[in-house]
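Visitor: Numbering (my numbering), first residue to last: 80 to 376. Beta carbons: idealized from backbone N, C-alpha and C, even for Gly. Let me give you the structure first, and then I'll get to my questions.
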Ligand SMILES: NC(=O)c1ccc[n+]([C@@H]2O[C@H](COP(=O)([O-])OP(=O)(O)OC[C@H]3O[C@@H](n4cnc5c(N)ncnc54)[C@H](OP(=O)(O)O)[C@@H]3O)[C@@H](O)[C@H]2O)c1
């Protein structure tokens, strides 16, 4: 199987490249230099040049706050690019795996969000991602849209790295505790995408559609921060005090959903692929980051 991956250096893209792919799998990975999704025609050209058996889109304009000022650019990357990929895939008769976000929901639901719940993004990032989902569905039946949430890794821009950087130098922090979600390791998303790709390579088909995939369990940003510092305490010999604050005390340009917990039962039932508790994957990533910190000293 020959898979074309869009996104070399992002959190999910990097983890996809690290996966132990079988000898029968050939990967072609393109980054922004080879296919700048803000330029019309770039995605189409990349798919047609590679002529793969499957396309995985691990790119996105993910700067949630900046997207409020750059919605056109965010839409080009999050909607026009994926739509072009999907049209090119339809032309070649191949599937597209596309990653999307919990921020397509407005957060007003009290329980976990299922795939069938109505979308109502609060900000520009969510709007453009939702647009991307809709346009992929419109032109390509053979798609898997994997909505995920609160992505982190030992590299890239994410909450875990920010907390470890800030917590190393401060005794007091304030972190919001009225937004609920599911922290998800980028490596777990890559593992799921690989599992789907292998199943497709074996059987030539998949139950196409939109699925939720996130770390098991749920927490708040405050709970997430405390879990990070609990583990760092043994290395640091101290724990910063983390005050729980409402979002209103930490205003940001883009509104976030108060609840974006994803119900992943459909993914579990349909594919039976691994999906671990968010705390289990977090331990590995925090451990790796603390070790990097030690060796850098
Ligand atoms: N991060 C989260 O918390 C989160 C939460 C829910 C869902 N998701 C979804 O998960 C997926 C992966 O996110 P991630 O966290 O891995 O993202 P990320 O680390 O921000 O990486 C984004 C990737 O997109 C590429 N990209 C951005 N603009 C581009 C352009 N104009 N042309 C080509 N490539 C471009 C980046 O390349 P450069 O580095 O060269 O710009 C990078 O490879 C996305 O679909 C995202 O919406 C993320």
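Could you say if the segment 201 to 220 and the segment 138 to 145 meet the contact criterion of at least three C-beta pairs nearer than 8 Å?
Guide: Yes, since at least three Cβ pairs between the segment 201 to 220 and the segment 138 to 145 fall closer than 8 Å, the two stretches touch.
Visitor: Go through its chain and collect everything with a Cβ distance to residue 333's Cβ below 8 Å, but skip five positions before and after it.
Guide: Once the five neighbours on either side are set aside, the close Cβ partners of residue 333 are 143, 144, 146, 147, 201, 202, 203, 204.
Visitor: Flag this pair as touching only if the segment 162 to 180 and the segment 120 to 134 have three or more C-beta atom pairs under 8 Å; answer yes or no.
Guide: The segment 162 to 180 vs the segment 120 to 134: in contact.
Visitor: Classify residue 87 as helix, strand or coil using the three-state DSSP reduction.
Guide: The answer is coil: DSSP assigns residue 87 none of H, G, I, E or B.
Visitor: For residue 351, does the three-state DSSP call read helix, strand or coil?
Guide: If DSSP states are grouped into helix, strand and coil, residue 351 belongs with coil.
Visitor: Considering only their Cβ atoms, is the gap separating residue 321 from residue 344 smaller than 8 Å?
Guide: Not in contact: residue 344 and residue 321 (Cβ atoms no closer than 8 Å).
Visitor: Could you check whether residue 292 and residue 241 sit closer than 8 Å to each other, using their CB atoms as the reference points?
Guide: No, the Cβ-Cβ distance between residue 241 and residue 292 is not below 8 Å.
Visitor: Just checking my contact of residue 252 with residue 319 at CB under 8 Å: how many whole Å lie between their CB atoms?
Guide: Right, the Cβ-Cβ distance comes to about 5 Å (below 8 Å), so this counts as a contact.
Visitor: Mind checking which residues open and close the beta strand (DSSP E) that includes residue 291?
Guide: Run containing residue 291: 288 to 291, per the beta strand (DSSP E) assignment.
Visitor: Ligand 1 and residue 111: does any heavy atom of the ligand fall closer than 7 Å to the residue's C-beta?
Guide: Yes, the Cβ of residue 111 comes within 7 Å of a heavy atom of ligand 1.
Visitor: Is residue 111 helix, strand or coil by DSSP?
Guide: In this structure, residue 111 counts as coil in the three-state DSSP scheme.
Visitor: Could you tell me the boundaries of the beta strand (DSSP E) in which residue 322 lies?
Guide: Its beta strand (DSSP E) spans residues 320 to 324.
Visitor: Exposed or buried, residue 245, counting other C-beta atoms within 10 Å across all chains shown (16 or more means buried)?
Guide: Residue 245 is exposed by the Cβ-count criterion.
Visitor: Give the straight-line distance between the Cα atoms of residue 260 and residue 366, rounded to the nearest whole angstrom.
Guide: So the alpha carbons of these two residues sit roughly 22 Å apart.
Visitor: Do you know whose CA, among 101, 109, 356, 236, lies nearest residue 87's CA?
Guide: Cα-wise, what sits closest to residue 87 is 109.
Visitor: I'd like to confirm something about residue 295: is its beta-carbon nearer than 7 Å to some heavy atom of ligand 1, or not?
Guide: Checking the Cβ of residue 295 against ligand 1 gives no.
Visitor: Are residue 94 and residue 306 closer than 8 Å when you measure CB to CB?
Guide: It is not a contact, given that the beta carbons lie outside the stated cut-off.
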